[in-house]
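One structure below.
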Amino acid sequence: MFDLQTYHKAGSVEEAIALLAANPDSRLLAGGTDILIKLRHGKSGFAELIDIHGLAELRSIRKDAEENILIGSGTTFTDIIESKLLQRSIPMLCDAAQSVGGPQIRNMATIGGNICNGVTSADSAPGLFGLNALLQIHGPDGLREVPVAEFYLGPGKVDLRRGDVLVAFKITPENYAGSFGYYYKYAMRDAMDIATIGCAVSLKTAASKVSDYRIAFGVAGPTPIRCPKTEQAVLGRELSAELFDCIAEVVIGDVNPRTSWRAAKDFRLNIIQELAKRATHKALQRALHPAGQKEGETI
Ligand SMILES: Cc1cc2nc3c(=O)[nH]c(=O)nc-3n(C[C@H](O)[C@H](O)[C@H](O)COP(=O)(O)OP(=O)(O)OC[C@H]3O[C@@H](n4cnc5c(N)ncnc54)[C@H](O)[C@@H]3O)c2cc1C
Numbered sequence: 007m008f009d010l011q012t013y014h015k016a017g018s019v020e021e022a023i024a025l026l027a028a029n030p031d032s033r034l035l036a037g038g039t040d041i042l043i044k045l046r047h048g049k050s051g052f053a054e055l056i057d058i059h060g061l062a063e064l065r066s067i068r069k070d071a072e073e074n075i076l077i078g079s080g081t082t083f084t085d086i087i088e089s090k091l092l093q094r095s096i097p098m099l100c101d102a103a104q105s106v107g108g109p110q111i112r113n114m115a116t117i118g119g120n121i122c123n124g125v126t127s128a129d130s131a132p133g134l135f136g137l138n139a140l141l142q143i144h145g146p147d148g149l150r151e152v153p154v155a156e157f158y159l160g161p162g163k164v165d166l167r168r169g170d171v172l173v174a175f176k177i178t179p180e181n182y183a184g185s186f187g188y189y190y191k192y193a194m195r196d197a198m199d200i201a202t203i204g205c206a207v208s209l210k211t212a213a214s215k216v217s218d219y220r221i222a223f224g225v226a227g228p229t230p231i232r233c234p235k236t237e238q239a240v241l242g243r244e245l246s247a248e249l250f251d252c253i254a255e256v257v258i259g260d261v262n263p264r265t266s267w268r269a270a271k272d273f274r275l276n277i278i279q280e281l282a283k284r285a286t287h288k289a290l291q292r293a294l295h296p297a298g299q300k301e302g303e304t305i
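Everything in the sequence shown is counted per the numbering used here, starting at 7 for the first residue and increasing by one.
In C-alpha cells, the structure reads:
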C-alpha cells in the first residue's frame, strides 16, 4: 500500500512551484519509478505528491537559436533513444538511455528524475558530467542555472531548494559540437540492473592526437565524478596503443569506489580501468568513422 495523504496534479511548472511552496512536506512525481518505490516502502518521510508527469513544457528535446541543446527534465529515456537530434549530435546520451532498466521503465522514467534523486549510479549522469550540462531550475525566486557537477552535494543530496523544479538540461555547443562520445555500463546482467560502474567518454581529435578529452564515472565515488588527472594526462597524446595504457594507469588516481554487496572495491577498480579503455576506444571509433553523428535534424 502507498501511504499517500494528498495528490495534486500540476497543470504547469508555475503551478507546481506554487503547490510545492504551499505543501512543505510534498515531493514532485515525474515518472514515479523511484519516488513511488520510496513511498511504498514507507520510509520516505513524506506523504504528499505533486504530479508533473506528462507536462508538455518539460518534455522536449530541441536546439535553440544559439545552438544550445535543451533536454526537458520530463523527457523519458525512450524519448532520448528515439531523438534524431541526440542520435546525431550526442549519441552517448542515447547509449546511456538504452542501458536503463527495461522498456517499461524507459517509457516512464525521466532524465530529470534520474538526476534529482542524487544517486551515483544514475546512468545519465556520467554523460551529462562530460558535457558540462547546465541544469535550468525554476523556483519561487526565478530561474537559475547550475552546472551538473555542482548540483550533486553528496550521496542522495542535490542542490534543490524548497519550491524548485528542474526544468531542463542545457548543453552548449562548445561542449558537444565536434565531440564524439560513448557511455559504457557494466552491470551484473545485461538488462534491469543498476550499474556496477558506468563510464562516459567524450573526445575530439586533431592531427592524430587527442585535442579534447573528458571522462566521467558513476559508482566510482559517492557521487558521479569527472577524472581531471586522466583528462590532463590524455590531452595532446598521439592516438596509439600507449594511450590506453596511460588511461588505465592514471584513472585509478581519480576514483574512489567502495565495497558493497554488489561488488568489492578491487573488482570495481578493475572494471573502472577496463571501461575507461573501452569507452575511449568506442568514442574514437565514432570520431574516426562519424557517419552516425552529424549536426542538423531536430527530434
Ligand atoms: C525496475 C527498475 C529498474 C531501474 N533501472 C535503472 C537503471 O538501469 N539505471 C538508472 O539510472 N536508474 C534505474 N532505475 C531508477 C529510476 O528508474 C531512474 O532513476 C529514473 O530516471 C527516475 O526518474 P523518474 O521520472 O521515475 O523519477 P521520480 O521517481 O518521479 O522522481 C525521482 C526524484 O526526483 C524528483 N524529481 C523528479 N523530477 C523532478 C524535477 N523536474 N524537478 C525536481 N525534482 C524532481 C522527485 O521528487 C523524486 O525525489 C530503475 C528503477 C526501477 C524501478
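By construction, the Cβ of each residue, glycine as well, lies at the ideal position given by its N, Cα and C atoms.
Remember, it's a predicted structure, so these values are computed and weren't measured experimentally.
Q | Close beta carbons around Ala-16, own chain, < 8 Å, minus the five adjacent residues each side | A | Stepping through the sequence shown from its first residue, residue 16 is reached at position 10. Cβ within range, chain order: Ala-22, Leu-25, Ile-56, Asp-57, Ile-58, Leu-61.
**Q.** Straight-line gap, Ala-247 to His-287 (C-alpha atoms, nearest Å)
**A.** Within the sequence shown, the letter at position 241 stands for residue 247. Within the sequence shown, the letter at position 281 stands for residue 287. Taking the straight line joining both Cα atoms gives about 10 Å.
**Q.** Burial state of Phe-8, where buried means 16 or more other Cβ atoms lie within 10 Å
**A.** Looking up residue 8 in the sequence shown gives position 2. By the 10 Å Cβ count, Phe-8 comes out exposed.
**Q.** Cβ shell of Phe-83 (< 6 Å), same chain only, five flanking positions each side left out
**A.** Position 77 of the sequence shown, counted from the start, is the residue given in the question as residue 83. Correct list, in chain order: Ala-103, Val-106, Arg-112, Ala-115.
Q | Cβ contact (3+ pairs, closer than 8 Å) linking the region 175-188 and the region 37-44 | A | no
Q: Give a single yes or no on whether Thr-116 has its beta carbon closer than 7 Å to a heavy atom of ligand 1.
A: Working through the sequence shown from its first residue, we reach residue 116 at position 110. Checking every heavy atom of ligand 1 against the Cβ of Thr-116, one is found closer than 7 Å.
Q) Just checking, does the region 188-204 make contact with the region 151-170 on the three C-beta pairs under 8 Å criterion? A) no
Q. Taking Cβ to Cβ, would you say Gly-187 is nearer than 8 Å to Gly-119?
A. Here residue 187 is taken as the residue at index 181 of the sequence shown, counted from 1. Here residue 119 is taken as the residue at index 113 of the sequence shown, counted from 1. Not a contact, by the Cβ cut-off of 8 Å.
Q. How about Arg-33: is its Cβ closer than 7 Å to a heavy atom in ligand 1?
A. Sequence index remark: in the sequence shown, residue 33 carries index 27 (1-based). Yes, the beta carbon of Arg-33 sits closer than 7 Å to at least one heavy atom of ligand 1.
Q) Out of curiosity, what's the CA-to-CA distance linking Ile-221 and Gly-38? A) On the sequence shown, residue 221 is found 215 positions in, with the first residue counted as 1. On the sequence shown, residue 38 is found 32 positions in, with the first residue counted as 1. Approximately 30 Å, taken between the alpha carbons.
(Q) Extract the residue ranges of the beta strand (DSSP E) inside the region 95-154, only unbroken runs of 3 or more that lie entirely within it. (A) 140-145, 148-153
**Q.** At least three beta-carbon pairs within less than 8 Å, the region 149-158 to the region 258-267
**A.** no
Q: Rounded to whole angstroms, what's the CA-CA distance from Tyr-219 to Ala-239? Just pull it up for me.
A: Numbered from its first residue, the sequence shown carries residue 219 at position 213. Numbered from its first residue, the sequence shown carries residue 239 at position 233. Their Cα atoms are separated by approximately 9 Å.
Q | 7 Å CB neighbourhood of Cys-122 in its chain, flanking five on each side removed | A | For the purposes of this step, residue 122 is identified with residue 116 of the sequence shown, where counting begins at 1. Excluding positions up to five away in sequence, the list reads Val-164, Leu-166, Leu-172.
**Q.** Buried or exposed (CB count within 10 angstroms, at least 16 for buried), Glu-255
**A.** On the sequence shown, residue 255 is found 249 positions in, with the first residue counted as 1. That one is exposed.
Q | Backbone secondary structure at Arg-46 - three-state DSSP | A | Taking the sequence shown and counting its residues from 1, the one referred to as residue 46 is at position 40. Three-state DSSP puts Arg-46 in a helix.
**Q.** Three-state secondary structure (DSSP) of Gly-184
**A.** Taking the first residue of the sequence shown as position 1, residue 184 is located at position 178. Looking at Gly-184 - three-state DSSP - the assignment turns out to be coil, as it is neither helix nor strand.
Q. Is any heavy atom of ligand 1 found at a distance shorter than 7 Å from the C-beta of Val-240?
A. By 1-based counting over the sequence shown, the position of residue 240 is 234. Because no heavy atom of ligand 1 lies under 7 Å away, the Cβ of Val-240 does not count as near it: no.
**Q.** Continuous alpha helix (DSSP H) stretch holding Phe-273: start and end
**A.** Here the question's residue 273 lines up with position 267 in the sequence shown. Element bounds for Phe-273: 271-294.
Q) So does Phe-39 have its beta carbon nearer than 7 Å to some heavy atom of ligand 1? A) Here residue 39 is taken as the residue at index 33 of the sequence shown, counted from 1. In the sequence as presented, Phe is not what sits at residue 39; that position holds Thr. Yes, the Cβ of Thr-39 comes within 7 Å of a heavy atom of ligand 1.
Q | Endpoints, the beta strand (DSSP E) within which Asp-57 is located | A | Within the sequence shown, residue 57 is the residue found at index 51, counting from 1. From DSSP, the beta strand (DSSP E) with Asp-57 extends over 54-57.
Q | 8 Å contact criterion, which Phe-175 and Ile-86 should meet: CB distance rounded | A | Position 169 of the sequence shown, counted from the start, is the residue given in the question as residue 175. Position 80 of the sequence shown, counted from the start, is the residue given in the question as residue 86. About 11 Å; that fails the 8 Å criterion.
Q: Kindly examine ligand 1 and report whether one of its heavy atoms sits closer than 7 Å to the Cβ of Ile-23.
A: The residue labelled residue 23 in the question sits at position 17 within the sequence shown. Incorrect: Ile-23 has no Cβ contact closer than 7 Å to ligand 1.
(Q) Along the chain, where does the beta strand (DSSP E) containing Val-207 start, and where does it finish? (A) The sequence position of residue 207 within the sequence shown is 201, counting from 1. It spans 203-212 - the beta strand (DSSP E) in which Val-207 sits, taken as one unbroken run.
Q | Pro-230 vs Thr-126 beta-carbon contact at 8 Å | A | Here residue 230 refers to the residue found at position 224 of the sequence shown. Here residue 126 refers to the residue found at position 120 of the sequence shown. Yes; because the gap between Cβ atoms is below 8 Å, this pair is in contact.
**Q.** Between the CA atoms of Arg-268 and Val-216 - distance to the nearest angstrom
**A.** Counting from one through the sequence shown, the residue named residue 216 turns up at place 210. Counting from one through the sequence shown, the residue named residue 268 turns up at place 262. Going from the Cα of Val-216 to the Cα of Arg-268 covers about 34 Å.
Q. Between Asp-31 and Phe-52, is the Cβ-Cβ spacing less than 8 Å?
A. Position 25 of the sequence shown, counted from the start, is the residue given in the question as residue 31. Position 46 of the sequence shown, counted from the start, is the residue given in the question as residue 52. Yes.
**Q.** Bridge partner(s) assigned by DSSP for Lys-163
**A.** Your numbering for residue 163 matches position 157 in the sequence shown. DSSP output for Lys-163 lists Gly-160 as bridge partner(s).
Q: Leaving aside the five residues before and after Ile-77 along the sequence, list all residues of the same chain whose C-beta is less than 7 Å from its C-beta, in chain order.
A: One-based indexing of the sequence shown puts residue 77 at position 71. Hits under 7 Å: Ile-67, Ile-117, Ala-174, Phe-175.
Q. To which residues of the same chain is Pro-146 closer than 7 Å at the C-beta, ignoring the five residues directly before and after it?
A. Stepping through the sequence shown from its first residue, residue 146 is reached at position 140. If we look at Pro-146 and ignore the five residues flanking it on each side, its Cβ neighbours are Ile-23, Ala-27, Gly-169.
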